[in-house]
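The sequence shown begins at 3 in the working numbering and counts up by one.
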Amino acid sequence: MSKLISDVIIEFLLKNNIDVIFTLAGGFIGPILNSVTKYKIKLYCFNHEQAAAMAADGYARITKKPCCLLITNGPGASNTITGVIGAFQDSIPIFVISGQVPYQQSINSQELNLRQLGVQELNIIPIIKSFTKYSYFIKCKDEVIETLYKAYSECITGRMGPTWIDIPLDIQNSYIDDIEESLEFTNTITPFLNKSYIDYNFIINKINESKKPLILIGNGIKLSNSESIFNEIITKIKIPFVTSWLGKDIVNNDNNLFSGVIGILGERFSNYAIQTCDLLIVLGCRLNVTHIGYDFNNFSKQSYKIMVDIDNNEMEKKTIKINTRIKSDLSIFLNNFNELVGLEDNMIKSDFTLWINKINLWKNKYSTIELNIHNLNMDGDVNSYYFSKQLSKVINKNTIIVTDTGSSSFSIFQSIHLINSKIFTAAGQASMGYGLPASIGAYIADNSNNIVLIVGDGGFQLNIQELQTIINYNLNIKIFILNNSGYLAIKIMQQNLFKSNYIASTNTTGVRPPNFIKISESYGIKAYNINNNNDVETVLNDMFSYNDVCLCNINMIENQLITPRVQSNGDNKSLEYMYPFIDMDIMNDELL
């Protein structure tokens, strides 16, 4: 029996548990959109393709499976690029389908170096090859099913990431005969690790030999669905752990072994821990510059380093030497390790109480929040660290916090206190404008959670049009705008490198925020305003008591410092040298 190819595409999605499509309508995806009406698949319409891509990213971070991003050709395809890049860098699966001009009208049908032939044509595949796991332009209808299988397989297996199929209009609208395939993908990829592949006893012995072991966990724990098993392991072996930004929500932050967030915008006590440990076990963190700092040679230089990662390339970077590299899906590695450490002969026998106590002493002594609010003026403009402290008290269990990028993420990830809640951002690409659409994706993924968006006045405007998407689908999202009248991250850079010679970052140099209260009300969204620190607690309670979407403009300190931080001023200091600097003798004593 013959079937319309656009129908086959929708059937393939549904049979492979992709039941959500994010789109912005266009003429060159007309047949696929028409097929959507024939099936029980959910369709969400956005007002910009970039926002649709970022929403697909947010959706996948919560569900840990892809949705379909369906976009038209030309500007529709090119508009998605920033969102897809962010997903690729953070290993987030998105199944992208773009429409294209009919094959005979495409430059791919010509053996010439043409710039364009068809209406609004853009040869998108060469552009996106470097930031997709798989991408393919379908040249004939016989390639459709094989391409769907290949794209889906690459999207969800190994190190996940976006895949992209570009399909001409005439092929979408044609028929394919005698479909024998079930259209349901079966994962036949053999895991590349078994118990005999690794000497787990070597790892256990290294732990027992060490005096100051430390575990660093990252987003790979979440991508491999290993949060629960890691919590089991840490309870057994009682080793302190630090996290990347995206690993902060894996274990409740009140755990005595939780030792904060590392990196150039991490916490001082966390960086002290990683710089003084004698054994570092890295689980699902790719150790990029934001994690290891600008001085590669002095990153955790006292430690023996064991790294477990699904991507061998990440362990072979010419930045730091990894003593023992283990290529593995973390879920396999951790389940095997958990079984072994539960046996009497493989117990962790060392007692790390002194080391844990030292880290907790640093935690209290070098509190990030206290550093930033110890001279707080309650009647003054809002300090974002104080806001974060109060927000931590108000949020309930099962809250998902989405941050935009820049200063709206820096202070939050440094200071938010999470108990049975989640937090994420576009950590790799750090695209302004990510937060609002990603929070929409998170809500669509799981509306049983409270969804909180924290965004700056600059980043909010890049996808502000998606407020209408929130209204269209009645999404209960709490939106907080940290309004510092410009681009705070840029202002800080200009203070450090250019003696506060501001340009293109402040009200007087070309960047002025609109009236967010009026904008919110024009969309029919209830708006709040926090003018000073005294207002924070009351407004937070009011907003979380309000059972609908609402927005809050926070009058933030315009030039608030983000501290502690490793300065990017050309000195290339290692992680322990964080601003505000402390006396060298005191620091050296701490690091003994």
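Backbone N, C-alpha and C define an ideal beta-carbon position, used for all residues, glycine too. Since the model is a prediction, treat every value here as computed from it, not as a measurement.
| Check | Outcome |
| --- | --- |
| Find the nearest neighbour of P33 within the set F14, P77, G101 and I43, judged by alpha-carbon distance. | G101 |
| According to DSSP, is S198 part of a helix, a strand, or is it coil? | In this predicted model, S198 has a pLDDT of only 43, less than 50, meaning its place in the structure is not dependable enough to derive any value. |
| Looking at the unbroken alpha helix (DSSP H) that takes in C142, where does it start and where does it end? | Where C142 is concerned, there is no enclosing alpha helix (DSSP H), given that its DSSP letter is neither H nor E. |
| Apart from the five residues on each side of it in sequence, which residues of its chain come closer than 6 Å, Cβ to Cβ, to N533? | N557 |
| Which residue's Cα is closest to the Cα of S507: G60, N485 and S524? | N485 |
| Quick check on Q102: does DSSP put it in helix, strand or coil? | strand |
| For the beta strand (DSSP E) containing S557, name the first residue and the last one. | Sequence check: residue 557 is Asn here, not Ser. Where N557 is concerned, the enclosing beta strand (DSSP E) stretches over C552 to N557. |
| Which value, in whole angstroms, describes the spacing of the CA atoms of A275 and I519? | 44 Å |
| If I measure Cβ to Cβ from V541 and keep anything under 7 Å in the same chain, skipping five residues before and after, which residues do I get? | Y530, I532 and C554 |
| Can you name the start and end residues of the alpha helix (DSSP H) that P215 belongs to? | Note, P215: premise wrong, no alpha helix (DSSP H); beta strand (DSSP E) at P215 to I219. |
| By the 10 Å Cβ neighbour count, where 16 or more other Cβ atoms means buried, how is P2 classified, buried or exposed? | Residue 2 cannot be examined here, being either before or after the span of the chain that is shown, 3 to 594. |
| Sorted by chain position, which residues of the same chain lie with C-beta nearer than 6 Å to S93's C-beta, five sequence neighbours on each side aside? | R161, M162, G163 and L225 |
| Check whether the Cβ atoms of I147 and Y105 lie closer than 8 Å to each other. | no |
| Mind checking M3: buried by the 16 CB within 10 Å criterion, or exposed? | exposed |
| Short check: CB of G461 to CB of G408, under 8 Å? | yes |
| Would P516 be called buried (16 or more neighbouring beta carbons within 10 Å of its own) or exposed? | exposed |
| Check whether the segment 471-483 touches the segment 420-434, taking contact to mean three or more Cβ pairs, one atom from each stretch, closer than 8 Å. | no |
| Indicate the three-state DSSP secondary structure (helix, strand or coil) for G526 in the structure shown. | coil |
| For W364 and F271, what's the separation of their Cα atoms in angstroms? | 5 Å |
| Hey, how far is the Cα of K250 from the Cα of V10? | 41 Å |
| Can you check which of these residues, N385, I241, G262 and K141, is closest to I358 by C-alpha distance? | I241 |
| Per DSSP, what kind of secondary structure is Y46 in: helix, strand or coil? | strand |
| Is T237 near V263, with beta carbons less than 8 Å apart? | no |
| Got a sec? Which residues, its chain only, sit under 6 Å from T84 by beta carbon, not counting five neighbours each side? | Q52 and S433 |
| With a threshold of 6 Å on Cβ separation, who are the neighbours of N314 within its own chain once the five nearest residues in sequence on each side are excluded? | K329 |
| Taking G430 as the reference, give the member of V457, L332, H376 and D406 with the closest Cα. | D406 |
| Should I239 go down as buried or exposed, given a rule of 16 or more other Cβ atoms within 10 Å for buried? | buried |
| Here's the rule I'm using: 16 or more other beta-carbon atoms within 10 Å means buried, otherwise exposed. How should E156 be labelled? | buried |
| Among residues of its own chain, excluding the 5 on either side of L464, which ones have a beta-carbon nearer than 6 Å to its beta-carbon? | M434 and G435 |
| Kindly indicate which residue of S410, N221 and T74 has the alpha-carbon position closest to the one of V253. | N221 |
| So if DSSP puts L6 in a beta bridge, which residue, or which two residues, is it bridged to? | Y177 |
| Rounded to the nearest angstrom, what separates S80 and N110 at their Cα positions? | 18 Å |
| May I have the straight-line CA-CA distance separating I219 from V284, to the nearest angstrom? | 6 Å |
| Of all the options I7, N549 and L16, which has the alpha carbon lying nearest to the alpha carbon of C602? | Past the edges of the chain, shown from 3 to 594, lies residue 602, and the structure says nothing about it. |
| Could you check what DSSP says for I588 in three-state terms: helix, strand or coil? | helix |
| Could you name the residues of the same chain whose beta carbon sits closer than 8 Å to that of I129, not counting the 5 residues immediately before and after it, in chain order? | S80 and I83 |
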